[in-house]
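Here is the structure we will look at.
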Amino acid sequence: MRLPMSWLREFVPVENDIDKIAHTLEMAGLGVEGIEEFNGDVVFDLEITPNRGDWLSVYGVARELAAMLNLPLKPFEVSVFETERDISEFAKVQIDAPDLCPRYSARLVWGVTVDESPDWLKGRLEACGVRPINNIVDITNYVLFELGQPLHAFDFDTLHGRQIIVRRAKDGEFIYTLDEIRRELESSMLVIADADRPVALAGVMGGLETAITPFTKNVLIESAHFTPSGIRKTARKLGMKTESSYRFERWVDPSGTVRAADRAAQLMAEIAGGKICKGVIDVYPLKIAPAQVSVLTKRVRSLLGIEISTEEIAALLRRLQFEVTIDGDTVHCLVPTFRNDIKREADLIEEVARLYGYDKIPMTLPKGIAPRAGESQRRKFENSIRQFLTRLGLQEIVTLSLTNPEEEKFWGLEAKDGILQLRNPLTQDHTATRTSLLPSVLSVVAHNLRNGVKDAWVFELGKAYRQGKVGDMASTEPRRLCVAITGNCYPTSWNLPKESGQSDFFALKGILENLLNWLGIDEVSFERGQHPSLHPYRTAVVRVGDKVIGVIGEMHPKWLQLHDLAQPIFVAELDFELLSELAKLERRHKPLPQFPSIQRDIAVVMPEDFDADRVIDLIERVGGKLVEWVTVFDEYRGAPIPEGYRSVGFTIVLRAEDRTLSSDEADQIVQQIKIALQFELGLMTRG
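Each residue of the sequence shown is one higher than the one before, starting from 12 at the first, in our numbering.
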């Protein structure tokens with residue numbers, strides 16, 4: 012808000028020390044964004060906090076400055092000369108929505124001449140950043156900046172039925188506002204209507220059909236108090252922001268409506284030659300009473316750390332125009348209606364601190380024992396995962412947790428329920444919270460590929476978001492770990508084959524196996540699965556025992572084609588909450604084996620869709636404690652293997668803890684395994 016110094020000095024006798032005034036305003040809580048000279052006057056550019064609607068006027072800032080500097084504030088007095096006939100003979104006001112409009116005041120001025128405003132009035136408005144229009148409209152804007160009360164001037168002769176009805180809009184209604192735009196209305200919006208139609212958007216903008224024109228002779232002045240939440244919703248739904256809505260959204264003093272209407276009528280009589288009709292229509296169905304708040308002197312001393320008497324506290328609060336009484340150690344305040352931000356004891360203590368002077372409060376070190384500093388166990392665990400994956404050659408990325416359903420659908424995900432939509436999204440690209448990390452991570456990989464970065468091994472550890480079920484509004488923020496790889500994990504070199512670091516399903520599977528093994532998680536299995544984003548035949552579900560902890564696979568070709576990507580991307584997403592539960596971070600020393608191992612290889616012929624994990628499980632079960640580990644070392648298709656089958660080679664490492672296994676013992680165990688494969692799984696071995 013722009014504030015001319017000359018206007019400010021009309022109400023408070025401040026010295027012409029600009030730096031001192033700026034400092035005082037800053038200490039009061041107003042942000043001084045800039046100071047400039049305008050037509051020989053000094054203009055402050057102020058930033059007003061949302062809870063202080065009383066500062067959105069020259070008189071409001073003058074009142075605050077007078078309190079801060081303990082200077083007298085000039086009372087705001089208005090004198091009007093009225094005609095003999097009463098306004099009630101000509102106009103009527105009716106409020107049908109008192110919850111949205113607790114008070115509506117109106118003044119009637121006859122016989123005005125619409126013309127250009129005088130230079131002093133135009134100069135004041137221009138200093139405040141407002142373009143002059145005509146004397147009637149300029150007067151309403153002038154009073155808005157002077158007192159903080161938005162006004163609207165109707166051409167009285169254009170009001171049907173010569174009445175004002177404050178009501179909710181009807182579905183299907185519309186209005187052409189002063190900016191000549193047709194606005195479709197909803198039943199949640201408050202309008203000012205005449206007998207037949209809406210004539211203004213309450214607290215936002217007037218209507219075109221009842222606007223002031225060069226032919227206007229009679230003016231009805233509107234001065235009202237509207238509920239901030241109602242004005243805020245209407246303005247946002249219609250995408251409008253005006254000087255009026257800006258003030259009503261923050262708070263306009265309900266006790267100041269008549270004074271502002273009188274001030275506007277006085278100026279219209281003086282500048283536009285109008286005659287003021289006797290009386291004011293003042294409909295006030297829901298009275299807003301001043302708040303009663305009390306504060307204990309010992310609480311002020313305790314919170315501020317200063318020695319201050321009850322009388323001093325009372326004197327400071329009286330400077331804010333509070334009605335103050337003292338009862339022993341308690342100060343009781345009747346707070347004026349222009350200060351709706353004062354609701355509890357802590358608010359009064361803050362006012363005492365501001366007026367006493369923050370710079371006068373001594374600095375003291377906090378007493379007591381500080382809690383142990385450092386990272387929480389949860390954060391340490393997360394960082395250890397990050398460090399481990401970085402050592403495996405991956406890079407961490409951090410993406411926005413906001414997305415939109417179309418983006419998720421673009422990668423094959425479509426959250427049918429549980430998605431959290433933003434009520435007031437700032438952009439169309441970020442209208443909801445993500446339900447999975449996959450779209451975010453894949454978008455980063457795709458962006459790199461399109462810009463020539465063909466090698467991307469990345470991971471993200473972050474939150475997804477889920478709305479609770481109907482009737483259960485509790486939302487969840489489960490953490491997820493997403494890994495995506497494409498291209499090579501390291502640059503190729505003359506002494507390394509090109510395929511050595513190439514991304515594929517098994518490279519990603521190896522990353523997960525290394526991670527899970529490092530976390531001490533046992534009973535890990537990869538089972539054939541399905542996922543809307545992944546290849547139907549190259550996708551696996553990751554299990555730990557009977558718990559599904561994630562999914563791994565290659566991106567579906569159709570999504571790669573949709574994004575115009577030529578090389579495959581392999582991705583995995585794990586439930587980090589389950590990983591945290593299953594992890595065994597305690598490390599135990601295991602001595603080196605005392606006896607040598609024996610290695611045997613077997614080749615098992617199995618159908619193409621047969622899971623090799625079932626063979627590994629059988630080998631470990633039949634061999635018992637003598638089987639140290641089993642791994643796949645080869646896969647073969649072709650003669651003499653029948654079509655639809657493959658030969659999978661397994662390496663079995665056998666070791667006894669108490670003796671050296673003989674070759675005969677090892678052969679006997681392998682023979683038992685072959686028999687079990689044939690009779691339990693129906694599989695034959697080669698060789």
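Beta carbons are placed, not taken as given, at the ideal position from N, Cα and C, and that holds for glycine.
In the DSSP annotation of this structure, the continuous segment of the alpha helix (DSSP H) that includes P568 starts and ends at 568–573. The segment 317–337 and the segment 125–132 do not touch, with fewer than three beta-carbon pairs separated by less than 8 angstroms. Judged by DSSP in its simplified three-state form, Y115 adopts strand. Taken in chain order, the whole beta strand (DSSP E) runs of length 3 or more contained in the segment 322–363 are 334–338, 341–346. For the set R194, S514, S412, the Cα lying nearest the Cα of S451 is the one of S412. According to the DSSP secondary-structure assignment, C493 is paired through a beta bridge with E471, E584. Look at F661 here: in three-state DSSP terms it is strand. Where T401 is concerned, the enclosing alpha helix (DSSP H) starts and stops at 388–402. Taken through DSSP and simplified to helix, strand or coil, F22 comes out as coil.
A direct Cα-to-Cα measurement between Q605 and N462 gives close to 55 angstroms. Between the alpha carbons of V154 and R135 lies a gap of roughly 11 angstroms. Per DSSP, the continuous beta strand (DSSP E) segment holding K286 begins and ends at 286–289. Pairwise C-beta distances place the segment 171–178 in contact with the segment 204–216, as three or more of them are shorter than 8 angstroms. When DSSP states are grouped into helix, strand and coil, S90 belongs to the coil group. Taken atom to atom, the span from the alpha-carbon of L530 to that of L596 is near 6 angstroms. DSSP places W529 inside the alpha helix (DSSP H), whose first and last residues are 516–529. Taking a contact to require three or more Cβ pairs closer than 8 angstroms, the segment 666–684 and the segment 608–621 qualify as touching. Shown here for G71: same chain residues with a beta carbon closer than 7 angstroms to its own, the five before and five after excluded, namely D65, G159 in chain order. V452: member of the alpha helix (DSSP H) spanning 449–461, first to last residue.
Remark: C-beta atoms of F581 and G564 approach each other more closely than 9 angstroms.
DSSP places G217 within a strand segment (E or B) once states are collapsed to three. Looking at the backbone, the Cα of A280 and that of E356 are separated by about 45 angstroms. Taken in chain order, the complete alpha helix (DSSP H) segments of 4 or more residues contained in the segment 128–197 are 130–138, 146–158.
Inter-segment contact for the segment 88–101 and the segment 264–278 is present: three or more beta-carbon pairs are separated by less than 8 angstroms.
Separation of the CB atoms of F470 and L405 is rounded to 5 angstroms, and the pair is thereby assigned contact status at 8 angstroms.
Taking all protein chains in view, the Cβ of G285 is crowded by 16 or more other Cβ atoms within 10 Å, so the residue is classified as buried.
Closest in alpha carbon position to E318, among V346, I372, I430, is I372. The C-beta distance from L162 to T188 rounds to 16 angstroms, too long to meet the 8 angstroms contact threshold. In the three-state DSSP reduction, I560 falls in the strand class (E or B). I652 is not a Cβ neighbour of V615, given a cutoff of 9 angstroms. Contact between the segment 212–226 and the segment 252–268 is present: three or more C-beta pairs spanning the two stretches fall below 8 angstroms. As the crow flies, the alpha-carbon of F517 is around 16 angstroms from that of V641.
Looking at the backbone, the Cα of G556 and that of E654 are separated by about 33 angstroms.
Between the segment 96–109 and the segment 37–46, the count of C-beta pairs closer than 8 angstroms stays below three; the two stretches do not touch. Under the DSSP assignment, T446 falls outside any beta strand (DSSP E); it carries neither an H nor an E label. Put simply, of L76, D56, F22 the residue whose alpha carbon is nearest the alpha carbon of K31 is L76.
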